[in-house]
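**Q** The structure that follows is given in the form of structure tokens.
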Ligand SMILES: [Zn+2]
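Numbering (this note's numbering), first residue to last: 341 to 840.
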């Protein structure tokens, strides 16, 4: 009997690796089913699902000796996404599916015991892999077809059951290719508006600057002053995702299974707020499954680190390198790959560990406060271009007029981003030192202010660069070509020497 082959895909971290499922079937011997090339625990489950799926959905359950191999065996295969390919290869090896058509498609789905095809994570990445192999079609569950169809250049065939896939392959039924699905919403950022945040004019200004220049930001203030409310509104004042950015965000969310069934392109900027108990791997990615971390999932969006000093020390240490280098190294089975680190980080902390609303209610010893503040290391603090302290607003402020809404602020941010783009820079926060000297040259009065700050605030050379980047952003928000004394003055006011 010939060997039948079905093409499918394994997801490794954020990559798709082509996998061939080879099936050989021999009627002459006793009935058995060997599955090789999968980790031990997965083999039994896959075999049970496939056997039951074929029996339920088709008249073709082969009797005899079947061997199925998932190649290459150097690729790590996890999850149930190989079921559909195993079933089809097996049926083809038994002679019930023409092997030619099967060879020209990629199949990607889990099988239910009743023969239903279930969606699996990473459909868009898997479909991209099929297109690179120049395969004609991609067969998957209807729920993930809209996501896979975003890829374009190959027909995505929604198959509700194993029987649908067989009918498509032997030509007994025409199945209309799926159209790209409507947008997926990742969060509630759209519905939360800056107009809901009363008071805190300084923090609102800091947020606008952070958004306009792509700067990381730290907020220090007691519980209940609106730190989380402000952070949640950052995605809503950033410019809309560009087409390429939206695809990148979609891929990252797809491989971890965060695209809801029936949805496609992610069009809103991500907002990730991991708990402070998160491990280093959870934050920056890795672990045995090479899962992208929170920092990756916040790509082109916002990573909110609330109660920063409460985060695990090793997790904060792990964040340092990507923040310093501006690139994110993601581990893969073979070597690692680097991506630009494009998440805006917004961190928040209480002034002291007891979380008292003001100093008079604080029950902390000076040693405890000092230890708490030391938890945010100097280098990490130094990455926060924009720092701001928040206090509880007065009652009349809370009763006052509704403040400016997100749409107005977003317009100013968009204009400032356009000015940066016109100069040929991605974002001011990522200007390298030589470029800063060029685009953020100060007038004489500005130089004087900066010189005094270097002495008075003990500003390091790195700190000078950071303040100049922020000053450039403030000038961009104002629509000014030159960075003036006012701009550098305001930038310096957003430097926090310490969390105190
Ligand atoms: Zn306290």
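Where a beta carbon is used, it is the ideal one built from N, C-alpha and C, also for glycine.
This structure is a prediction, so every number in the text was calculated from the model and none was measured.
For ligand 1, I want to know if residue 693 counts as a neighbour, meaning its beta carbon is within less than 7 Å of at least one of the ligand's heavy atoms.
**A** yes
**Q** Would you say the beta carbon of residue 484 comes nearer than 7 Å to a heavy atom of ligand 1?
**A** In terms of side-chain proximity, the C-beta atom of residue 484 is found no nearer than 7 Å to any non-hydrogen atom of ligand 1.
**Q** In three-state terms, what does DSSP make of residue 689?
**A** Residue 689 falls in the strand class under three-state DSSP.
**Q** What do you reckon, are the CB atoms on residue 753 and residue 552 nearer than 8 Å?
**A** yes
**Q** Within its chain, find whatever has a CB closer than 6 Å to the CB of residue 597; leave out the 5 residues flanking it on each side and keep chain order.
**A** 461
**Q** Measure the CB-CB distance between residue 545 and residue 537 and report whether it falls below 8 Å.
**A** no
**Q** Going by C-alpha distance, which of 758, 455 and 444 is nearest residue 400?
**A** 455
**Q** DSSP state of residue 352, grouped into three classes?
**A** The answer is strand: DSSP assigns residue 352 an E or B state.
**Q** How about residue 710: is its Cβ closer than 7 Å to a heavy atom in ligand 1?
**A** no
**Q** Taking residue 605 and residue 523 to be in contact with their CB atoms under 8 Å, please state how far apart those CB atoms are, rounded to whole angstroms.
**A** Contact check for residue 605 and residue 523: beta-carbon distance about 6 Å, within the 8 Å limit, so the pair qualifies.
**Q** Rounded to whole angstroms, what is the Cα-Cα separation between residue 446 and residue 370?
**A** One alpha carbon belongs to residue 446, the other to residue 370, and they sit about 31 Å apart.
**Q** Hey, how far is the Cα of residue 755 from the Cα of residue 799?
**A** 30 Å
**Q** Mind checking whether the beta-carbon of residue 681 lies closer than 7 Å to any heavy atom of ligand 1?
**A** no
**Q** Can you check the segment 597-638 for any alpha helix (DSSP H) of at least 4 residues that lies completely inside it and give the ranges in chain order?
**A** 620-624 and 634-637
**Q** Under 7 Å: does the beta carbon of residue 350 sit that close to some heavy atom of ligand 1?
**A** no
**Q** I'd like the list of long-range same chain contacts for residue 572, defined as Cβ closer than 6 Å, with 5 residues on each side in sequence excluded.
**A** 532
**Q** Which one of 747, 635 and 653 has the shortest CA to CA distance from residue 580?
**A** 747
**Q** If you count every other CB in all the chains shown that lies within 10 Å of the CB of residue 768, and 16 or more means buried, which is it?
**A** buried
**Q** Taking just the CA atoms, how far does residue 481 sit from residue 435?
**A** 24 Å
**Q** Nearest-angstrom Cα distance between residue 382 and residue 418?
**A** 7 Å
**Q** Take residue 781 and list the residues in its own chain whose beta-carbon comes closer than 8 Å to its own, dropping the five residues that flank it on each side.
**A** Excluding positions up to five away in sequence, the list reads 822 and 823.
**Q** What does a CB cutoff of less than 8 Å around residue 403 pick up in its chain, not counting 5 residues either side in sequence?
**A** Counting only residues of its own chain and dropping the five nearest sequence neighbours on each side, residue 403 has a CB closer than 8 Å to the CB of 367 and 371.
**Q** Measuring straight from C-alpha to C-alpha, what distance separates residue 587 and residue 785?
**A** 45 Å
**Q** Which residue's Cα is closest to the Cα of residue 541: 818, 728 and 814?
**A** 728
**Q** Quick one: residues in its chain with C-beta nearer than 7 Å to the C-beta of residue 428, no 5 flanking neighbours on either side, listed in chain order?
**A** 346, 437, 442, 447 and 505
**Q** So which of 636, 353, 390 and 356 has the shortest CA-CA distance to residue 363?
**A** 390
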